[in-house]
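Engineer:
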Amino acid sequence: MPAFTPIRVRGKRTGTEAEKGHKPLHRRIARRPTSPLLIETITRASSKGSKRRKRRERQFAMIEQLPVELVEDIFERSQNLDLSAASPILSRQLNHPHLYKRILDQAMAPLLFGHDDLENQSQSSASSDVAYAVRVVNSRFCSWKLFCNCLCPGSAIKSDSANNPTSRPAYSNVIGPLWQRDSAADRLVEAVHAYQNRFRYQILPVPSKLLSGPYCPDKECFLTLLLRHSDGADIDTVVPRDEDIYRAIEDAIKEQNSNLALYLMINGASAERIKGMAPDLLSSAVVEYGCNRTIVLHLAQLAKLDLPERTNLYLELWQWAENTENAGGDDGRWLKRCLRRARP
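Residues 1 to 344 in UniProt numbering are what the sequence shown spells out, letter by letter.
1) Quick check: what's the CA-CA separation for Val286 versus Ile89?
2) Would residue 356 be called buried (16 or more neighbouring beta carbons within 10 Å of its own) or exposed?
3) According to the neighbour-count rule (16 or more other Cβ atoms, all chains shown, within 10 Å of its Cβ), is Pro207 buried or exposed?
4) Using a 10 Å radius around the Cβ and a threshold of 16 neighbouring Cβ atoms, would you call His98 buried or exposed?
5) So is Pro214 buried or exposed if we call it buried at 16+ other beta carbons inside 10 Å?
6) In the structure shown, what three-state DSSP assignment does Gln256 receive?
7) Would Thr311 be called buried (16 or more neighbouring beta carbons within 10 Å of its own) or exposed?
8) Measure from the alpha carbon of Phe222 to the alpha carbon of each residue in Leu260, Ser284, Arg337 and Lys336, then state which is nearest.
9) Give the straight-line distance between the Cα atoms of Leu313 and Ala303, rounded to the nearest whole angstrom.
10) On the DSSP letters alone, give me the boundaries of the alpha helix (DSSP H) that Tyr314 sits inside.
11) Let me confirm a value: Ala109 is counted as buried when at least 16 other C-beta atoms fall within 10 Å, else exposed. Which label applies?
12) Which same chain residues end up closer than 7 Å to Glu322 when comparing Cβ atoms and leaving out the 5 residues on each side of it in sequence?
13) Tell me whether Phe141 sits in a helix, a strand or coil according to DSSP, three-state version.
14) Counting only the same chain and skipping the five closest in sequence on each side, list residues whose C-beta sits under 6 Å from that of Lys336.
15) Along the alpha helix (DSSP H) that carries Cys221, what are the first and last residues, could you check?
16) From the DSSP output, in three-state form, read off Tyr289 for me.
17) Report the option in Val239, Ala278 and Asn267 whose CA atom is closest to the CA atom of Glu250.
18) Can you tell which of Cys338, Arg273 and Leu225 has its C-alpha closest to the C-alpha of Pro240?
19) Considering Cα atoms alone, identify which of Ile245, Glu325, Ser143 and Ile253 is closest to Gly276.
20) With 16 other CB atoms within 10 Å as the buried threshold, where does Ala271 fall?
21) In the structure shown, what three-state DSSP assignment does Asn163 receive?
22) Buried or exposed, going by whether 16 or more other CB atoms sit within 10 Å of the CB of Ile103?
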């Protein structure tokens, strides 16, 4: 069998200079920027336009067309998710104030502007409108400023009232509030009265989101008007949840707002419910938020029947009073006198 001579094919790396292919020398094209032919070519290419579809022409699904339940579900599921990294488009739509404004306008429209159609509505539709409005106001994105802008589209919230905590509304004369006649509070109270007059079975509860602080004078006056709308009705149906009224009173105590705290204790819930919250509120008012004598005196009078049963609470308050008295504070001696009078 004849022996074949192997042929070694060498590439560019292992081949010699003689075996490598040489590139031909190309002549460099001298391009003149002022050439009329080059200018005409560039103008013709730019006039045709790009065939690539631009990003701004894409049509996305409008999230404000979704029901508020789905939007709230998206908010809840995106708490532990970096939504801006996962879906930038959805993040921009959720953070847009137009979405919140549209949802609030849609929810509050039957209460504010649908007075003439209330007689033609059924019981189920009226109750569903009220429940939908309360659910939207209690949502996470709803704020006091956004809520007032929804009620009063032509007016804005006064910024100086929030920055001036000394100007408190007079709760003894709620008939003449700080708000004007065409204000958001009066319009909402008129809507609530319309629901009460034509639907006696339906009572609009105070939204829990509005019961939380911080409290500006306008918000305080709004709450006083809203809590007074239950004429002849059970007061526990206006604020049905104990944690809502407890948080409202605690926020008022934290801000040292004695007027609002006393008003919520008297008109926010029934006496039995407030008496059950009084010991815990008394501990928070003394130990955590200082000792406002007006608030502490009222809470001590409410909790005098439960203090002997709560030995730990009594000892905690007495220890705070002794420490304050030893430090030279007058609140310690005053609190001791209140605790002695509270015990039977």
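Even glycine gets a Cβ: it sits at the ideal position worked out from N, Cα and C.
Structural biologist: The structure says:
1) Take the alpha-carbon of Val286 and the one of Ile89: they are about 49 Å apart.
2) The question about residue 356 has no answer, for the chain in this structure spans 1 to 344.
3) Residue environment analysis places Pro207 among the buried positions, since at least 16 neighbouring C-beta atoms fall within 10 angstroms of its C-beta.
4) Under a 10 Å Cβ-count criterion, His98 is classified as exposed, with fewer than 16 other Cβ atoms of the shown protein chains found around its own Cβ.
5) Burial state of Pro214 is exposed, judged by a 10 Å Cβ sphere holding fewer than 16 other Cβ atoms.
6) In this structure, Gln256 counts as coil in the three-state DSSP scheme.
7) Its Cβ having fewer than 16 others within 10 Å, Thr311 is exposed.
8) When C-alpha distances from Phe222 are compared across Leu260, Ser284, Arg337 and Lys336, the shortest belongs to Leu260.
9) If I take the Cα positions, the gap works out to 11 Å.
10) Run containing Tyr314: Thr311 to Asn326, per the alpha helix (DSSP H) assignment.
11) Residue burial annotation: Ala109 is exposed, with fewer than 16 other C-beta atoms found within 10 angstroms of its C-beta.
12) Correct list, in chain order: Gly332.
13) Three-state result, Phe141: coil.
14) So the qualifying residues of the chain are Ala321.
15) Going by DSSP, Cys221 is part of the alpha helix (DSSP H) stretching over Pro217 to Leu227.
16) If DSSP states are grouped into helix, strand and coil, Tyr289 belongs with coil.
17) It is Ala278.
18) Per the Cα distances, Arg273.
19) For Gly276, the closest of Ile245, Glu325, Ser143 and Ile253 by C-alpha to C-alpha distance is Ile245.
20) Result: exposed.
21) Low confidence applies to Asn163: its pLDDT is 42, below 50, so where it sits in the model is not reliable enough to give any reading.
22) By the neighbour-count rule (16 or more Cβ atoms within 10 Å), Ile103 is buried.
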